[in-house]
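Just below is one structure, and these are the notes that go with it.
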Amino acid sequence: MSSQPILSVRNLERRYGAFIGCTDISFDVWPGEVVAIVGESGSGKTTLLNCISGRMERSAGTVCYRMRDGRFPDLGDLSEAERRFLARTDWGFVHQNPADGLRMRVSAGANVGERLMAVGERHYGNIRRTATDWLERVEIAAARIDDQPVAFSGGMRQRLQIARNLVTHPRLIFMDEPTGGLDVSVQARVLDLLRMLVADLGLAVVIVTHDLAVARLLSQRMIVMKSGRIVEQGLTDRVLDDPRHPYTQLLVASIPES
Ligand SMILES: Nc1ncnc2c1ncn2[C@@H]1O[C@H](COP(=O)(O)OP(=O)(O)OP(=O)(O)O)[C@@H](O)[C@H]1O
Ligand SMILES: [Mg+2]
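Those letters in the sequence shown? Residues 15 to 272, by the working numbering.
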């Protein structure tokens, strides 16, 4: 692991009018690590994720990102064009609903190829070959390459969204409940795939989930939120096996025994 964080969040706050979406949020993300943000519905997880991925304006605080050239600017100091370029290349964003992260009426191959073209790939044969490769990596038959995601099942759509995000070899992926909309049986397969790919590619991931089992399976570090604030953070195993904050203890106690 590198000795410098890839993302550094300090005193982040987001208000909706007088209402506090999240506040007093500080944490780092290190290259190659998976950080899970957990907490009940309405605790501010999505608000936080959207703020640190530059998708939402924050009300206060800083979010610094380590660029490939070593610079560490606040996202707010980047130009709109630089931010969009990062979002298309260095970062991925996996939405809970695949329809929000895919173009549903263009082919699966084009959904993957489009991201490649954004990083300058122009050769049709290469794009098609890489897209085929990635479909296979996410267990979609290469024969489906010309089909549109509207013709895919929920699990296939989610796997396609993952391929679309990973094809550019991003360094940091944001995920908001990536398995939240899937059947339990399908969830397990997508989670397994995510775990494998993240490890293979050495990705840094910030994943929002209300499911502690997902956090346990995927993350090395956990942040627990309640009412817009971090109440506990630490190594996932430590937090789940020895929760210190009463709210975390309650969360952990409510997991069904398996
Ligand atoms: N656009 C908005 N305008 C006003 N309030 C908002 C807006 N978006 C979110 N909120 C409020 O901010 C709080 C946190 O919402 P957020 O969506 O971040 O929660 P969450 O932890 O992601 O919940 P869930 O698990 O249900 O997705 C909630 O009380 C919500 O009502
Ligand atoms: Mg949410």
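Ideal placement from N, C-alpha and C gives every residue a C-beta, glycine not left out.
Could you give the DSSP three-state label for Gln263: helix, strand or coil?
Residue numbering aside, residue 263 sits at position 249 when the sequence shown is read from its first letter. Of the three classes helix, strand and coil, the one that applies to Gln263 here is helix, per DSSP.
Buried or exposed: Gly134, going by 16 or more other Cβ atoms within 10 Å of its Cβ?
Sequence index remark: in the sequence shown, residue 134 carries index 120 (1-based). Exposed is the call here.
Please enumerate, following chain order, all residues with a beta carbon closer than 5 Å to at least one heavy atom belonging to ligand 1.
Qualifying residues come out as Tyr30, Gly35, Ser55, Gly56, Ser57, Gly58, Lys59, Thr60, Thr61.
Thinking Gly58 and Gly194 are a contact (beta carbons under 8 Å), I'd like their distance in whole angstroms, please.
If you number the sequence shown from 1, residue 58 lands on position 44. If you number the sequence shown from 1, residue 194 lands on position 180. The pair is not a contact, with the Cβ atoms about 16 Å apart (cut-off 8 Å).
Considering Phe41, what are the terminal residues of the beta strand (DSSP E) in which it resides?
Taking the first residue of the sequence shown as 1, we reach residue 41 at position 27. Per DSSP, Phe41 belongs to the beta strand (DSSP E) from 33-43.
Considering Cα atoms alone, identify which of Arg129, Asp42, Ala50 is closest to Gln234.
Position 220 of the sequence shown holds residue 234. That would be Ala50, whose Cα lies nearest to the Cα of Gln234.
What are the start and end residues of the beta strand (DSSP E) that includes Gln247?
Walking along the sequence shown from the start, residue 247 turns up at place 233. First-last of the beta strand (DSSP E) with Gln247: 243-249.
C-beta atoms of Ser121 and Ile159 nearer than 8 Å:
Locating residue 121 in the sequence shown gives position 107, where the first residue counts as 1. Locating residue 159 in the sequence shown gives position 145, where the first residue counts as 1. Yes, these two residues count as a Cβ contact at 8 Å.
Same chain, Cβ closer than 6 Å to Ile66, five either side skipped, listed in chain order
If you number the sequence shown from 1, residue 66 lands on position 52. Closer than 6 Å at the Cβ level, and outside the excluded window around Ile66, lie Val23, Val77.
How far does the beta strand (DSSP E) with Phe107 in it extend, from its first residue to its last?
Taking the first residue of the sequence shown as position 1, residue 107 is located at position 93. Counting along the chain, the beta strand (DSSP E) containing Phe107 begins and ends at 105-108.
Going straight from the alpha carbon of Lys240 to that of His137, what length do you get?
Position 226 of the sequence shown, counted from the start, is the residue given in the question as residue 240. Position 123 of the sequence shown, counted from the start, is the residue given in the question as residue 137. Approximately 49 Å, taken between the alpha carbons.
Every unbroken alpha helix (DSSP H) inside the region 69-130 [4 residues or more]:
The qualifying runs are 94-102.
If you compare alpha carbons, which of Leu215, Glu191, Ala218 is closest to Gly53?
Your numbering for residue 53 matches position 39 in the sequence shown. Cα-wise, what sits closest to Gly53 is Glu191.
Below 7 Å CB to CB, which residues in the same chain sit around Thr144 once its five sequence neighbours on both sides are set aside?
Within the sequence shown, numbered from 1, the residue matching residue 144 stands at position 130. Hits under 7 Å: Leu130, Val181.
Leu264: buried (16+ other C-beta within 10 angstroms of its C-beta) or exposed?
As a working note, residue 264 is residue 250 in the sequence shown. Answer is exposed; the Cβ neighbour count stays below 16.
Please specify which runs of the beta strand (DSSP E), each continuous and at least 3 residues long, are wholly inside the region 166-254, giving them in chain order.
186-190, 218-222, 235-240, 243-249
Between the alpha carbons of Val126 and Leu215, how many angstroms are there, rounded?
Position 112 of the sequence shown, counted from the first residue, corresponds to residue 126. Position 201 of the sequence shown, counted from the first residue, corresponds to residue 215. The C-alpha of Leu215 is placed about 17 Å away from the C-alpha of Val126.
Closer than 7 Å to a non-hydrogen atom of ligand 2 - does that hold for the CB of Val222?
Walking along the sequence shown from the start, residue 222 turns up at place 208. True, at least one ligand heavy atom lies under 7 Å from that Cβ.
Can you find a C-beta in chain C that's less than 8 Å from the C-beta of Ile66?
No chain C is present in this structure, which holds just one protein chain.
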